[in-house]
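Engineer:
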Amino acid sequence: MTKNKTQETDSSVTNFINSVENDQKRKDSFELIKIFSEVSGFEPKMWGPSIIGFGSYHYKYDSGREDDAPLLGFSPRKAAISLYLLCDVEGQHGALLGQLGKFKNGKSCVYINKLSDVSEEVIKALAKECIKFIHEKYPTE
Numbered sequence: 001m002t003k004n005k006t007q008e009t010d011s012s013v014t015n016f017i018n019s020v021e022n023d024q025k026r027k028d029s030f031e032l033i034k035i036f037s038e039v040s041g042f043e044p045k046m047w048g049p050s051i052i053g054f055g056s057y058h059y060k061y062d063s064g065r066e067d068d069a070p071l072l073g074f075s076p077r078k079a080a081i082s083l084y085l086l087c088d089v090e091g092q093h094g095a096l097l098g099q100l101g102k103f104k105n106g107k108s109c110v111y112i113n114k115l116s117d118v119s120e121e122v123i124k125a126l127a128k129e130c131i132k133f134i135h136e137k138y139p140t141e
């Protein structure tokens, strides 16, 4: 079974953020670190070359594939800031997403152009709910 390429590394989060060309994305990244650290209780770590993650959990799919992933994470990509929030988008967390502001989303990603486009309080609430969701879906043994 292949390992996930996105593993926690010892790379510097600060150096990575400082290498982001877009000034606004750099500022927003430092603010997201404050938000996600506060909510999760974890310090930021680099996961792979471009994801900033907070905490971790171990998942195992029915297919047998298993690995570790960050509880919360984000990446300041060129097109948008990707927020990695594993939650029930179509179910219990859909109402919170509806209050977030201007964003696009995928299965476990929320894409924002800048932090001022969304509600920081809703990001905090979503992050808390996502951590709870992950702990229920993948309890520690």
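Residue 1 is where the sequence shown starts when you use our numbering, and the numbers rise one by one after that. Beta carbons are placed, not taken as given, at the ideal position from N, Cα and C, and that holds for glycine.
Quick check on this structure: which residue in Phe16, Asp10, Pro139 and Glu121 has the alpha carbon closest to the alpha carbon of Ser75?
Structural biologist: The shortest Cα separation from Ser75 among Phe16, Asp10, Pro139 and Glu121 belongs to Phe16.
Engineer: In three-state DSSP terms, what is Cys109?
Structural biologist: Residue state, collapsed to three classes: strand.
Engineer: Tell me which residue opens and which closes the beta strand (DSSP E) that Ser82 is part of.
Structural biologist: Taken as a continuous stretch (DSSP letters only), the beta strand (DSSP E) holding Ser82 covers Ile81 to Leu85.
Engineer: Under a Cβ-count criterion, where at least 16 other Cβ atoms within 10 Å of its own Cβ denotes burial, should Pro49 be classed as buried or exposed?
Structural biologist: Pro49 comes out exposed.
Engineer: Look at His146 and Thr6 and say whether their C-beta atoms are less than 9 Å apart.
Structural biologist: Outside the modelled stretch of the chain, which goes from 1 to 141, sits residue 146, for which no answer is possible.
Engineer: Can you name the start and end residues of the alpha helix (DSSP H) that Glu121 belongs to?
Structural biologist: Taken as a continuous stretch (DSSP letters only), the alpha helix (DSSP H) holding Glu121 covers Glu120 to Lys137.
Engineer: Evaluate the contact criterion for the stretch 24-43 versus the stretch 121-130: three or more CB pairs, one atom per stretch, below 8 Å.
Structural biologist: Yes, the stretch 24-43 is in contact with the stretch 121-130.
Engineer: Where does Leu72 fall in DSSP's three states?
Structural biologist: Reduced to three states, the DSSP call for Leu72 is strand.
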